[in-house]
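One gets the working numbering by counting positions in the sequence shown from 1 and adding 12 to each. Beta carbons: idealized from backbone N, C-alpha and C, even for Gly.
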Amino acid sequence: MRLLIRKGTATRYRNSLLGWIWSYVKPAAQFVIYYFVMGVIMNQNRGIENFPIYLFAGVVAVNLFNEAFGNATSSIVDNRALVKKIYLPRELFPIASIIIAFVHFLPQVAILLIVCLVVGWQPTMMGLAGVVLGIVIIQIFSLGLGLFFGAMNVRFRDAQNFVELIRMFSTWTSPVLYPWILVQGALSNHDWLFTLYTWNPLTVAVELFHQGFWAPTTGTGDTTDSIMPDFGVALLAALVLCAAMLVIGQTTFRRFERSFAQDL
Numbered sequence: 013m014r015l016l017i018r019k020g021t022a023t024r025y026r027n028s029l030l031g032w033i034w035s036y037v038k039p040a041a042q043f044v045i046y047y048f049v050m051g052v053i054m055n056q057n058r059g060i061e062n063f064p065i066y067l068f069a070g071v072v073a074v075n076l077f078n079e080a081f082g083n084a085t086s087s088i089v090d091n092r093a094l095v096k097k098i099y100l101p102r103e104l105f106p107i108a109s110i111i112i113a114f115v116h117f118l119p120q121v122a123i124l125l126i127v128c129l130v131v132g133w134q135p136t137m138m139g140l141a142g143v144v145l146g147i148v149i150i151q152i153f154s155l156g157l158g159l160f161f162g163a164m165n166v167r168f169r170d171a172q173n174f175v176e177l178i179r180m181f182s183t184w185t186s187p188v189l190y191p192w193i194l195v196q197g198a199l200s201n202h203d204w205l206f207t208l209y210t211w212n213p214l215t216v217a218v219e220l221f222h223q224g225f226w227a228p229t230t231g232t233g234d235t236t237d238s239i240m241p242d243f244g245v246a247l248l249a250a251l252v253l254c255a256a257m258l259v260i261g262q263t264t265f266r267r268f269e270r271s272f273a274q275d276l
């Protein structure tokens, strides 16, 4: 496990000019584009206090999911030489990949923390615990999906296309670029759809990031009004879905694992 993590972190930016600076440049460019479209053009900057922090907190959370999920899906194929020649628990590859994604997630969190401190962020134990829980939810959900699609990707290479679709929709199906209240208003005649939206593990994780980083920087200091309705139920549902996805992913992985060497 240590060797896989070391290899993944050391070789990511090998022979690149900027090296680890890319871990800052990519999310910064993404943030600028989203802020210009949603903050300036769509006027979300006026409707949400400290909208840049709200936006970047959500972007950081979704970036962790996208990288962890994408890395886990391709981990078996990318390590085909080891899979074919050496016997070891194949789950090590997707597990190592989500840990590597977490390592590359840390520079983004560092920037977010610095910005929050500049605008007067006063962290609370509940808020910080929520951020940690959000990271755990993202990592478990990514691992479950990564085990499932990673196994499928060995047999059916077009599984990677489904992964790209999920990663593309992840930003728009959680309250990253907009507040959840807009979704509630749009689905006012379909309450069950809004309930499903709130049960999305990514939606819950992004909201936990918002409550940990963004809400303490708002003028009122009261975070209760910004929390989704029935958030406790949504959190429980998200944890159940993460556990179910982990079981489904591991079961599928075990089933396809026997033919990995032949399929590769």
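_Extent of the continuous alpha helix (DSSP H) run through W226_ = Residue numbering aside, residue 226 sits at position 214 when the sequence shown is read from its first letter. Unbroken run through W226: none, as it is neither H nor E.
_alpha helix (DSSP H) runs contained entirely in the region 72-147, provided each spans 4 or more residues_ = Listed in chain order, the alpha helix (DSSP H) elements of length 4 or more contained wholly in the region 72-147 are 92-97, 104-130.
*Cβ of S154 within 8 Å of Cβ of F225?*
Taking the sequence shown and counting its residues from 1, the one referred to as residue 154 is at position 142. Taking the sequence shown and counting its residues from 1, the one referred to as residue 225 is at position 213. Not in contact: S154 and F225 (Cβ atoms no closer than 8 Å).
*Looking only at its own chain, which residues have a Cβ that is under 6 Å from the Cβ of Q120, when we skip the five neighbours before and after it?*
Looking up residue 120 in the sequence shown gives position 108. P39, V72.
_Less than 6 Å between C-beta atoms, sequence neighbours within five positions excluded: which residues of the same chain meet that for G261?_
As a first step, residue 261 is located in the sequence shown; it is residue number 249 there, counting from the start. Answer for G261: G156, L159, F160, listed in chain order.
*asked:* Counting only beta-carbon separations shorter than 8 Å, does A171 have a partner in chain C?
replied: No chain C is part of this structure, which consists of one protein chain only.
*asked:* For L15 and I123, I'd like the C-alpha separation in whole angstroms.
replied: Against the sequence shown, residue 15 aligns to sequence position 3. Against the sequence shown, residue 123 aligns to sequence position 111. Within the model, the alpha-carbon separation for L15 versus I123 is close to 28 Å.
*Which residues bound the alpha helix (DSSP H) around I239?*
For the purposes of this step, residue 239 is identified with residue 227 of the sequence shown, where counting begins at 1. Premise fails: I239 is in no alpha helix (DSSP H) and is neither H nor E.
*How many Å lie between F68 and F43 at the Cα?*
Here the question's residue 68 lines up with position 56 in the sequence shown. Here the question's residue 43 lines up with position 31 in the sequence shown. Rounded to the nearest angstrom, the two C-alpha atoms are 6 Å apart.
_Only counting the same chain, and skipping five residues up and downstream in sequence, which positions put a Cβ closer than 6 Å to that of I110?_
Here residue 110 refers to the residue found at position 98 of the sequence shown. So the list reads A80, A84, Q151, S154, L155, once near-sequence residues are dropped.
*Taking Cβ positions, are I88 and V188 nearer each other than 8 Å?*
As a first step, residue 88 must be located in the sequence shown, where it is residue number 76. As a first step, residue 188 must be located in the sequence shown, where it is residue number 176. Taking 8 Å as the Cβ cut-off, I88 and V188 do not qualify as a contacting pair.
_CB contact flag (L208, S186, <8 Å)_ = Here residue 208 corresponds to residue number 196 of the sequence shown, with the count starting at 1. Here residue 186 corresponds to residue number 174 of the sequence shown, with the count starting at 1. Judged by their CB atoms, L208 and S186 are not nearer to each other than the 8 Å cut-off.
*Which residues in the same chain have their Cβ closer than 7 Å to the Cβ of I112, if we skip the five residues on either side of it in sequence?*
Counting from 1 along the sequence shown, the entry for residue 112 is found at position 100. Excluding sequence neighbours, I112 sits near I17, G20, T21, N83.
*What's the gap between the Cα of D234 and the Cα of V115?*
The residue you call residue 234 lines up with position 222 of the sequence shown. The residue you call residue 115 lines up with position 103 of the sequence shown. Confidence at D234 is low in this model, with a pLDDT of 47, below 50, so its placement is unreliable and no value can be given for it.
_Rounded to whole angstroms, what is the Cα-Cα separation between V259 and Y46?_
If you number the sequence shown from 1, residue 259 lands on position 247. If you number the sequence shown from 1, residue 46 lands on position 34. Between V259 and Y46, the C-alpha separation is close to 35 Å.
*Over what stretch of residues does the alpha helix (DSSP H) that includes Y190 continue unbroken?*
Position 178 of the sequence shown, counted from the start, is the residue given in the question as residue 190. No alpha helix (DSSP H) holds Y190; DSSP gives it neither H nor E.
*asked:* In the DSSP assignment, the alpha helix (DSSP H) including T210 goes from what residue to what residue?
replied: Stepping through the sequence shown from its first residue, residue 210 is reached at position 198. 203-211 is the extent of the alpha helix (DSSP H) around T210.
*Return yes when the Cβ of V74 is within less than 8 Å of the Cβ of V216, no when it is not.*
Along the sequence shown, read from residue 1 onward, the residue named residue 216 stands at position 204. Along the sequence shown, read from residue 1 onward, the residue named residue 74 stands at position 62. Judged by beta-carbon spacing, V74 lies beyond the 8 Å limit of V216, meaning their Cβ atoms are not closer than that value.
*With distances taken from CA atoms, which of K97, A41, Q56, G139 is nearest I239?*
For the purposes of this step, residue 239 is taken as residue 227 along the sequence shown, with counting starting at 1. Taking only the C-alpha atoms, the option nearest I239 is G139.
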